[in-house]
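So, in structure tokens, the structure goes:
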């Protein structure tokens with residue numbers, strides 16, 4: 001059984017800098033890279049000059065980029081499928097997809113062992129017959145938000161693969177399988 005879980009954690013310095021710039025941001029993916037964490041971020045609004053070389057403009061006042069930061073919260077969350085992370089006031093809110101209550105307990109134990117305050121805001125059981133996997137959902141959502149499905153495309157598959165730190169062939173396979181499942185389900189529901 002899949003769970004959609006919403007958690008609240010303390011704000012970290014990297015996020016405080018984005019909030020200070022009056023920018024709205026969403027963390028779309030987290031990868032552990034040695035002792036650092038790579039955050040794939042969508043930034044909306046005022047663009048901080050210090051991030052000029054790290055982000056690509058994909059729409060009016062919308063930028064995509066990767067930040068490398070030291071983040072204890074990121075190290076923990078990199079092991080799970082995140083849907084989104086964003087800043088509110090002096091905290092970060094994370095939306096994740098977990099494989100049941102046992103995985104939720106494991107995640108919470110990691111926060112407790114690391115002495116990081118965490119608050120569970122919401123837990124919702126996902127529909128058992130999901131059309132696509134959690135990872136496919138995450139990738140399709142990122143591609144959609146990045147402008148991959150726009151005409152003309154705002155980001156290429158190659159650039160998206162680089163930003164997500166996955167190979168071009170892996171990203172292509174994930175998207176094709178997800179698209180096929182979504183289209184088949186749509187047509188089946190329409191009786192076609």
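Numbering (the UniProt record's numbering), first residue to last: 1 to 192.
For glycine and all other residues, C-beta sits at the position ideal for the given N, C-alpha and C.
From residue i to residue j, what distance separates their C-alpha atoms?
i: residue 207; j: residue 134; result: With the chain covering only 1 through 192, there is no way to say anything about residue 207.
i: residue 123; j: residue 3; result: 7 Å
i: residue 31; j: residue 131; result: 25 Å
i: residue 55; j: residue 156; result: 15 Å
i: residue 141; j: residue 116; result: 29 Å
i: residue 43; j: residue 192; result: 40 Å
i: residue 178; j: residue 139; result: 9 Å
i: residue 182; j: residue 29; result: 22 Å
i: residue 78; j: residue 92; result: 15 Å
i: residue 52; j: residue 67; result: 11 Å
i: residue 88; j: residue 82; result: 17 Å
i: residue 190; j: residue 180; result: 15 Å
i: residue 45; j: residue 13; result: 19 Å
i: residue 145; j: residue 175; result: 14 Å
i: residue 90; j: residue 7; result: 14 Å
In this structure, what does DSSP give as the bridge partners for residue i?
i: residue 166; result: The partner list for residue 166 (beta bridge, DSSP) is empty, contrary to what the question assumes.
i: residue 94; result: 7 and 85
i: residue 56; result: 64
i: residue 75; result: In DSSP, residue 75 forms no bridge with anything.
Can you round the beta-carbon distance between residue i and residue j to whole angstroms, since I take them to be within the 8 Å contact cut?
i: residue 96; j: residue 86; result: Not quite, the Cβ-Cβ distance comes to about 13 Å (not below 8 Å), so this is no contact.
i: residue 120; j: residue 111; result: Actually they are not in contact, since the Cβ atoms of residue 120 and residue 111 sit about 10 Å apart, beyond 8 Å.
i: residue 149; j: residue 143; result: 7 Å
i: residue 163; j: residue 64; result: 6 Å
i: residue 69; j: residue 36; result: 7 Å
i: residue 168; j: residue 158; result: 6 Å
i: residue 27; j: residue 41; result: 6 Å
Use the C-beta contact count for residue i: other C-beta atoms within 10 angstroms, 16 or more gives buried, fewer gives exposed.
i: residue 38; result: buried
i: residue 50; result: exposed
i: residue 71; result: buried
i: residue 107; result: buried
i: residue 187; result: exposed
i: residue 74; result: buried
i: residue 170; result: exposed
Could you confirm whether any beta carbon from chain C is found closer than 8 Å to the beta carbon of residue i?
i: residue 73; result: Of the protein chains in the structure, only one exists, and it is not chain C.
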